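Undergrad: Each protein sequence line maps, in turn, to chains A and B. To convert a position in the first sequence, counted from 1, into the working numbering, add 18. To convert a position in the second sequence, counted from 1, into the working numbering, add 5.
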Amino acid sequence: MSDVAPEKPKLIPITIDGQQIEVEPGTLVIRAAEQIGVTIPRFCDHPLLDPVAACRQCLVDVDGARKPTPACSEQVRPDMVIRTQETSELARQYQRSQMELLLVNHPLDCPQCDKGGECPLQDQAMEVGPGESRMYEKKRVFTKALPINAQISLDRERCVLCARCTRFSKQISGDPFIELFERGALEQVSIYGDQPYESYFAGNVVQICPVGALTSNSYRFGARPFDIKRIPGIAFQDASGANVRHDVRKGVIQRTLARTNLAVNDAWLDDKNRYGYEFIASPDRLTTPLLRGDTGSLQPASWVRAVDAAAEVLKDVKPEEVAILTGGRLTDEDAYAVSRFARDVVGTDNVDFRTSPHPDDLTVLPTIAGDTTVTNTLVEQAPVVVIAGLEPHEELPLLFLRLRKAWRQNQQKIVVVGPVLGRLEEIAWQWIPTEVGGEAAALQALATGDHELLAPITDVLGADTVVLAGERLSGSPDALPAAHALADAVGGAFAWVPRRPGSRGAVEAGLLPGSLPGGRPLATPGPVADVWNRVPSAPGKDAASVFADAIDGTIKVIWLIGVDPVADFVDADLARRALESVQTVIASDLMPTESVRRADIVFPAAAPTERVGSFTSWEGRRQAWPQATGAAGHVLPDWDIVRQVARGMGTDLGWETANDVRREAAPLMAVTDERGPSVAEGTVWSSQAPSPDRPLAVAPVPFLLQEATMLADAKELLASAPPASVWVNPADADGLTDGHLVTVTGPDGSVELTLAVTPSVAQGAVVVPTTALRELGAGMTHVGLAPASSPSTPDTASAGDA
Amino acid sequence: MPQVKVLSKRYDEPDAHTLEGYTRLDGWRALKRVLGQDPAALRDVVKDSGLRGRGGAGFPTGLKWSFVPQDTGKPVYLVVNADESEPGTFKDRELMERDPFQLIEGIICSAYALNSPRSFIFIRGEYLFPGIRLEEALAEAYAAGYLGEDIQGSGFSHHITLHYGSGAYICGEETALLEALEGRRGQPRLRPPFPAVAGLYASPTVINNVESIAAAGQIMEHGANWWKQWGPERSPGTKLFCVSGEVARPGNYEFPMGTPAREIIEEACGGMLPGRNLKFWAPGGSSTPLLTAEHYDVPMDFDSIAQAGSLMGTGAMMMYSDKTSVIEATLNWIRFYEHESCGKCTPCREGNFWVGQILERMLGGRGRPEDIDTLDELADNIFGRSFCALADGATSSVKSSIKYFREEYEYLIANGRLPEHIEAHAGPIADNAQSDRPRMMVGTGHV
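Spelled out as C-alpha cells, the structure:
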C-alpha cells in the first residue's frame, strides 16, 4: 500500500441563491442548499435513503435546465446556478403547485392525527399551501387505520407515497415486506396478503413517515407533540449505545424515537430499543424494600430496616462466604460502585456479571478493557470483517444494520465463522460453517493462513480487517482467544461484542472474579489500591462456582443486583437450587422476578430513565443520559443502594451523587497498560455426547424479542415478535415441515417450537432460543426433533390479525 | 408524395410471417450483408442515415448507439420496446403480426453492430396474436440457425428473449420497461445513470422501438443514402402512419416523412367519413398536442409538426370531426392517463386524477367559470414537473383543447351541456372498461 494520502476530490463551484460556494462532487442540490442554511421543502428525500424524486416538492430553478429540477436527486455540476424558493418566484410557484397537488387527496384530518403538530406536510402546507382549496370534487377514500403488523397502523388516505418506508425496508433493513401496490391515484403502501410487516426495524418507518400515514399503536392518540417533553437518552435494551429521545408526558414515556448520531445508530433504532420501555411504568414494579417476615413471605419494609438487615447479614459472615452477582444491565456508575463495594467493603472477590460464564472470558476480557479501537465507523469502513459467536440481527440489530450498510455501500466482505449464519446469509461473503464448539480450529486456520481451501479468505485478511467476537463465542472452547489471536496475527482490530447494555461497563468496572477496574489483575492493582481501602489477594469464584458452593454451604450470602439467574443463568436449575439452599439472598431489582421471589431482602432499584447514568457500548463508547421519567415509588439507583449498605456496615464510600462515583471511577476504568488476564479459575461445563435420538448439537441464540423481564407490558412489541422457533439445516429436517410446530427434546426435557428449515445453520447443529435451555438442559447438549404432539399448526404469526 | 412500401413491403403477402415465405420474399439479405462487416462501420451507417427513433421521441438511433461503451467487460443488451400502448398507436402490432422476421432480422443486424449477445423484446401483454407470431418466428429462426450460437456459421451468436408486459402503459417508458424486465414494479428510474451506461442488469443497454430496429436492418442492408432518399434532411426515411378516428379507411400506411397530413388522409384513407368535416386531430398519438383543420397541410415530419405546435410522436394520427366533442375526447384520454399513471410522482398521480374529476364534473353540467383556468393552470403544474414524460403527454390534449376550443368549454359551462351538433358517442367514451375511477373502488385495498 502506498502511504500517500488519497487526493481530496476537487471541490465544485456552484451558486445557490446568489451565494457562491464550493461543494464536493456528487453532492445533491438539496444538501448543497443546506450548507448555506437554505432548507428546500421535501417529503421523499431522506439523507440516508437513495433519492427517488417522487414527491416533487423540492423543485428548484436551475439555469439552463429545460425543466424544473428536483433538488433531491440532482447532483451539482460545475458552475451550476441554482435558485431556490428563497430567491426565485418560479421555484416558489413550482413548490406551491406541488403542495396543492399533494393535498388533492389528503384528508386534512390533522385534528385527529397523531402527526399533527410535528408533521412536515402540515408545516409546509401552512407555509406555502393555498389558504383555500380549488378542489371541489370528492377525494379518494380508503378504509382507515389498517394494521400492517401488531405495532403499526397504516392510514392510506394521509399517505403522500414518498416511498420512504418501502425504501427503508429494501435499502436499510433488507426485509421488504412493505411495498407499493396498485398505481395511479390508487397507488398505496401495503403488505403482502395477510403477511404482516415482520421486521425488527419496523418502527423506523413510523419515525421517517413525513405524514401521519404510519403510526405506532402504542402511541396512537396517546399524546400531542406540544404536551410532551423530549429528553435525550441512551438505549438500555442492548449494548448498541443507540442515541434515543424519550417523549415523556406526566413523567411517563409515551414513545421512544431514534436520535440521529451517525457514529452510533445513524438515524435508526431497532424495535426492542424503540418500544421496550413499557416495563418502566409497569404496575408490577418493585416500589419499596421487602423483607422476608416471620410468616415466610416478603413484606414491605422501610429503607432503614432493609439496609440494616442487609448490613447485618453481610457483617455476620466471612467475606469469602459472600458473592455479589450482577447481570449485564448495570450502568457504569453502578458497576463500579458494586465492584468497589464487594472488594473494599465486604472484602470478597466473588463477583461476576455473566449469566453464561466460561473460562475464556477471564483470560481475554480483562485484556481488552477500555479498548475503543473498533467503532461502528471502523466496522463500516473495513473491507473485511470476520464474525464469530454473533448473530447480530438477533443479538445487536443496529450492528446488523451497520454491516448491511457496509455490504451495500462499500461491498464489504463479511466472513462468518461458526455453526450459525442466520440473517447474515444475505450479506455474508464467506461462511465457514463449523460444528457447535468447533470455531477455534477454523479461526486458528485463518490465522495461520496455511489452509488451501481458506486461501481466498486469508488472502484478503490484513491490517484493515476487523474481527468481531460475540459474547457467545466464549462458550466454544478456546474460540475467544483464537479470535483475538486471529486479529493479532493479521494485524487487524478485535472487538468483543456483548449483547447487554452494561456488559462492557462491567468488564471495565472489574465485575469479573480476579479482575479490578481497568482490567487490572488483583496482584497489580496500581492506582486502584490508592483509592480503595483494600483489595482482595486471592481470586474469587465465578457465578457457576458460586451457585455450586452455595449448595455446598460454603457460600452463605448471595446478593443479586439486576440479574435473574433463575430465568437467565445458563444452568437455570443450578441457580434455582442455589438460591433455595443458600442462607441469605439479597436482591436489587426492578421487577419481582423468579429470583427476587426467592430473596430474603429486596431493594427496589431505579430504572435507567429514572436516574442519571451512563452505559459503555460495545464499541467502548461511554454515553451519559439525564433523568427522563419520575421514579416509580421508593426506588434508588444501585450505586446508592450499596452506598447505604456500606454505611450500615460502617464504611463511608464518600459518594453523594452519581457524579462523585463517576469522578472516582473514570480514571480507574480508563484504558491502561496495567490490564491483564484474570487468574481466577473458570468453570468448565460438561458436554454430552450425541445419541441416536438426540443427534443435533444445540447452538443457543438469544432471540431479540424472546421472553424477558425488560419487555414486560410491551404488548404490541411482543405481539409483533416472530414465533419462538428452532432453526435446522434442510439436511437435518428429516421429513419435518418448515413453519410447523416441532417438539425439541433434550436431556432434561422438551419444548415445542416453530420449525424454520434454513441453510443458514450448519448441518448437525440446531439453533434454539436461550430461553428454551431451561427445559432442554444446560451445557453443550444435543437434542432430537419430532413432530409436535399437539395439533401441528402452520406458522400463524398473530400480528395483523387485529 | 405517394405511398411507399419499405417496411410494409411484405404486409400483403399471406405467408410473410413464415420462415419459408420470408426467405422467398427477399428475407435475410440484410443479415447476409451485415455478418462479417466491421460493427463500428455498421453503427456509422445507421448514424449517417439520420434515422430518428420511431417510438415517439425521435432521438437519432445511431447517436443513441454511439453512447454505448463497448469496453466495460459487461455484455451490451439490446432491448426492443414493443410495449405499444398509447391510444391510437398500432403500427408495431401490424409489423410484428405480418412480418415478424423483419423485426428479428433487424434485431440480429443491430445486435451484431452493437456486439450484443442477447436482446429482449418487451411486448405489450395484450398483444397476444403478435406475440404468438413472434414466438413462432423465433422458434423457426432458432431451428434454421438464424439465432443462437454461431449464426449461419459467422461466429456471431445472439439470443432473443420475448417478454410479455403485464398491462401497463408506463412500461413503454424505457427505464420503467427495464425495471419491469428485471422483475420489479414498472416505475421509471432516476437518470443518470442512463441506460446506455447502466441499463438492464446494470449493463450497457440500447432500447429501440420495433419500427426503428426494422428500419435499422434495412438501412444496414441498403446504406445510409438509400434511406435519405425519402423525407426532409432532418427527418429522413419512411414512416408507418397508423390512422384512426372518423376516417373512411383507418389503418397503417407507409409514407415518406414530410408527406402532408391531408395527402395521407385523402389519398390513403379515403378522407373523412361522409358528412363529417375535420375538427381536430392528434398527429402522433394521444400524448401529442391536438391540431385543427387549419393544420391539415402540415408535413408529417418531426420538425414541421413541432413548428405547428405539436409532436410527431409515433405517427398515430387520430382524426375527429365536428360531430365530436373535444372535451369528451380529452376526458377519455385523461381517464387513460389517470389509469396508467404509475403513481410514483405527485403531479402525475394526483394531477391526472384531479383533471379527470374536473372534466367529469363539467360534462355532468356542474362546471364553474373558473374551471377552464384551473384546468389550464393545472396542466402547466403537471407538465415538466413530473418524474417522466407520461404526465407531459397527458397534459397535451388538455392544454391544446383549451387553446383551440375554449368556446366549447365556455358553452358547456354556461349551458350545462354540449352544443347541439355534437353527437353522443357510442361505447368507448361512455363506458371505458379500463377506466375504473378510484372513488368507485372505495376501501378495496390489499390490506
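Note that beta-carbon positions come from the ideal geometry of N, C-alpha and C, so glycine has one too. Predicted model only: the values in this text are computed from it and were never measured.
List, from N- to C-terminal side, the alpha helix (DSSP H) runs of 4 residues or more that fit wholly inside the region 383-464 of chain A.
TA: DSSP runs (the alpha helix (DSSP H)) wholly in the region 383-464 of chain A: 394-399, 410-413, 415-428.
Undergrad: With a threshold of 7 Å between beta-carbons, can S402 (chain B) be considered close to chain A, or not?
TA: Translated into the one-based positions of the second sequence, residue 402 (chain B) becomes position 397. Closer than 7 Å: no.
Undergrad: Between which two residues does the beta strand (DSSP E) harbouring P279 (chain B) extend?
TA: The sequence position of residue 279 (chain B) within the second sequence is 274, counting from 1. Taken as a continuous stretch (DSSP letters only), P279 (chain B) belongs to no beta strand (DSSP E), as it is neither H nor E.
Undergrad: Taking the straight line between their C-alpha atoms, what separation do you get for S148 (chain A) and P193 (chain B)?
TA: The residue you call residue 148 (chain A) lines up with position 130 of the first sequence. The residue you call residue 193 (chain B) lines up with position 188 of the second sequence. In the sequence on display, residue 148 (chain A) carries Pro and not Ser. Between P148 (chain A) and P193 (chain B), the C-alpha separation is close to 30 Å.
Undergrad: Return the CA-CA distance between W643 (chain A) and G672 (chain A), expressed in angstroms with no decimal places.
TA: Taking the first sequence and counting its residues from 1, the one referred to as residue 643 (chain A) is at position 625. Taking the first sequence and counting its residues from 1, the one referred to as residue 672 (chain A) is at position 654. Answer to the nearest angstrom: the Cα atoms are 23 Å apart.
Undergrad: Could you please tell me which residues of the region 105-116 of chain A, in chain order, have their CB closer than 7 Å to any CB of chain B?
TA: Residues passing the 7 Å Cβ filter: Y112, S115, Q116.
Undergrad: So who's on the other strand from Q107 (chain B), going by DSSP bridges?
TA: Indexing the second sequence from 1 puts residue 107 (chain B) at position 102. None; Q107 (chain B) has no bridge partner.
Undergrad: For V775 (chain A), which residues in the same chain have their Cβ closer than 7 Å to its Cβ, ignoring the five residues on either side in sequence?
TA: By one-based count along the first sequence, residue 775 (chain A) stands at place 757. Excluding residues within five positions, the ones whose Cβ falls inside 7 Å are V746, P748, A751, D756.
Undergrad: Counting contacts by CB-CB distance shorter than 7 Å, is Q223 (chain B) in contact with chain A?
TA: Numbered from 1 along the second sequence, position 218 holds the residue referred to as residue 223 (chain B). So no, Q223 (chain B) is outside the interface.
Undergrad: Measure from the C-beta of K85 (chain A) to each C-beta in chain B and report whether the shortest distance is under 7 Å.
TA: One-based indexing of the first sequence puts residue 85 (chain A) at position 67. Chain B contact via Cβ: present.
Undergrad: Within 8 Å, do at least three Cβ pairs link the region 203-212 of chain B to the region 373-383 of chain B?
TA: With a cut-off of 8 Å, the region 203-212 of chain B and the region 373-383 of chain B do not count as touching, because too few Cβ pairs lie within range.
Undergrad: May I ask you to list, following chain order, the residues of the region 114-140 of chain A that have a beta carbon less than 8 Å from some beta carbon of chain B?
TA: Those residues of the region 114-140 of chain A that come within reach of chain B (Cβ to Cβ, closer than 8 Å) are S115, Q116, E118, L119, L120, V122, N123.
Undergrad: For H652 (chain A), I'd like the list of residues in its chain whose CB is within less than 7 Å of its CB, leaving aside the five on either flank, ordered along the chain.
TA: Here residue 652 (chain A) refers to the residue found at position 634 of the first sequence. Once the five neighbours on either side are set aside, the close Cβ partners of H652 (chain A) are T305, T306, W321, P622.
Undergrad: Is there a C-beta anywhere in chain A that falls below 7 Å from the one on R390 (chain B)?
TA: Mapped onto the second sequence, residue 390 (chain B) falls at position 385. Closer than 7 Å to some Cβ of chain A, the Cβ of R390 (chain B) qualifies, so yes.
Undergrad: For the candidate residues A:C90, A:R60, A:M98, A:P27, whose alpha-carbon lies nearest to that of Q37 (chain A)?
TA: Locating residue 37 (chain A) in the first sequence gives position 19, where the first residue counts as 1. Considering only alpha carbons, the answer is A:M98.
Undergrad: Closer than 7 Å, CB to CB, is F358 (chain B) near chain A or not?
TA: The residue you call residue 358 (chain B) lines up with position 353 of the second sequence. Chain A, which has a Cβ nearer than 7 Å to the Cβ of F358 (chain B), makes this yes.
Undergrad: Are any of the Cβ atoms in chain B nearer than 7 Å to that of R95 (chain A)?
TA: Position 77 of the first sequence, counted from the first residue, corresponds to residue 95 (chain A). Answer no: the Cβ-Cβ gap between R95 (chain A) and chain B never drops below 7 Å.
Undergrad: Please classify N368 (chain A) as buried or exposed, where buried requires at least 16 other C-beta atoms within 10 Å of its C-beta.
TA: To locate residue 368 (chain A), count along the first sequence from 1; it is residue 350. Classification of N368 (chain A): buried, given that the 10 Å Cβ count is 16 or more.
Undergrad: Since D265 (chain A) sits in a beta bridge, which residues does DSSP pair it with?
TA: Numbered from 1 along the first sequence, position 247 holds the residue referred to as residue 265 (chain A). Paired residue(s): A:R248, A:R273.
Undergrad: Quick one: list the residues of chain B neighbouring M98 (chain A), beta-carbon separation under 7 Å, in chain order.
TA: Numbered from its first residue, the first sequence carries residue 98 (chain A) at position 80. Residues of chain B passing the Cβ test: none, with the nearest at roughly 15 Å.
Undergrad: Does DSSP put M153 (chain A) in a helix, in a strand, or in coil?
TA: The residue labelled residue 153 (chain A) in the question sits at position 135 within the first sequence. Three-state result, M153 (chain A): coil.
Undergrad: At 4 residues or longer, what runs of the alpha helix (DSSP H) sit wholly inside the region 148-219 of chain A?
TA: If we require 4 residues or more, the alpha helix (DSSP H) runs fully inside the region 148-219 of chain A come out as 182-185.
Undergrad: Rounded to whole angstroms, what is the Cα-Cα separation between I32 (chain A) and T180 (chain B)?
TA: Position 14 of the first sequence, counted from the start, is the residue given in the question as residue 32 (chain A). Position 175 of the second sequence, counted from the start, is the residue given in the question as residue 180 (chain B). Rounded to whole angstroms, I32 (chain A) to T180 (chain B) spans 30 Å at the Cα level.
Undergrad: With 16 as the cutoff for other CB atoms within 10 Å, does N677 (chain A) come out buried or exposed?
TA: Indexing the first sequence from 1 puts residue 677 (chain A) at position 659. That one is exposed.
Undergrad: Going by beta carbon distance, what residues of the same chain come within less than 8 Å of P543 (chain A), once the five residues before and after it are set aside?
TA: Position 525 of the first sequence, counted from the start, is the residue given in the question as residue 543 (chain A). L534, W550, V553, listed in sequence order.
Undergrad: Please identify the residue among A:D731, A:S738, A:S704, A:L791 whose C-alpha is closest to the C-alpha of I271 (chain A).
TA: Here residue 271 (chain A) is taken as the residue at index 253 of the first sequence, counted from 1. Here the closest residue by C-alpha is A:D731.
Undergrad: Beta carbons nearer than 9 Å to chain A: which residues of the region 329-358 of chain B have them?
TA: Listed in sequence order: Y342, E343, H344, E345, S346, C347, G348, K349, C350, T351, P352, C353, R354, E355, G356, N357, F358.
Undergrad: Specify, as a first and last residue, the run of the beta strand (DSSP E) that G213 (chain B) falls within.
TA: On the second sequence, residue 213 (chain B) is found 208 positions in, with the first residue counted as 1. Checking the sequence shown, residue 213 (chain B) turns out to be Asn, not Gly. Taken as a continuous stretch (DSSP letters only), the beta strand (DSSP E) holding N213 (chain B) covers 210-214.
Undergrad: Suppose only complete runs of 4+ residues qualify. What are the alpha helix (DSSP H) ranges in the region 225-261 of chain B, listed by chain order?
TA: Taking only runs of at least 4 residues, the alpha helix (DSSP H) segments lying wholly in the region 225-261 of chain B are 229-233.
Undergrad: Cutting at 6 Å between CB atoms, please list the residues of its own chain near T483 (chain A), excluding the five before and the five after it.
TA: Reading the first sequence from its first residue, position 465 is the one you call residue 483 (chain A). Cβ within range, chain order: V402, V508, G510.
Undergrad: Please decide whether T180 (chain B) counts as near chain A, where near means a Cβ-Cβ distance under 7 Å.
TA: On the second sequence, residue 180 (chain B) is found 175 positions in, with the first residue counted as 1. For T180 (chain B), the answer is no, since every Cβ of chain A falls outside 7 Å of its Cβ.
Undergrad: Who are the neighbours of N386 (chain B) on chain A, taking C-beta pairs under 8 Å?
TA: Within the second sequence, the letter at position 381 stands for residue 386 (chain B). Ordered by position in chain A, the residues that pass the 8 Å Cβ test against N386 (chain B) are S115, Q116, E118, L119.
Undergrad: Within 10 angstroms of its Cβ, does P557 (chain A) collect 16 or more other Cβ (buried), or is it exposed?
TA: Counting from 1 along the first sequence, the entry for residue 557 (chain A) is found at position 539. By the 10 Å Cβ count, P557 (chain A) comes out buried.
Undergrad: Which of the three DSSP states, helix, strand or coil, is assigned to R518 (chain A)?
TA: Position 500 of the first sequence holds residue 518 (chain A). Looking at R518 (chain A) - three-state DSSP - the assignment turns out to be coil, as it is neither helix nor strand.
Undergrad: Assuming R354 (chain B) and E205 (chain A) make a contact with CB atoms under 8 Å, what is their CB distance in whole Å?
TA: Here residue 354 (chain B) refers to the residue found at position 349 when the second sequence is read from its first residue. Here residue 205 (chain A) refers to the residue found at position 187 when the first sequence is read from its first residue. Going by Cβ atoms, the distance from R354 (chain B) to E205 (chain A) rounds to 6 Å, so yes, they are a contact pair.
Undergrad: For T476 (chain A), which of A:I432, A:L442, A:E444, A:R441 has the nearest alpha-carbon?
TA: Position 458 of the first sequence, counting from 1, holds the residue named residue 476 (chain A). It is A:I432.
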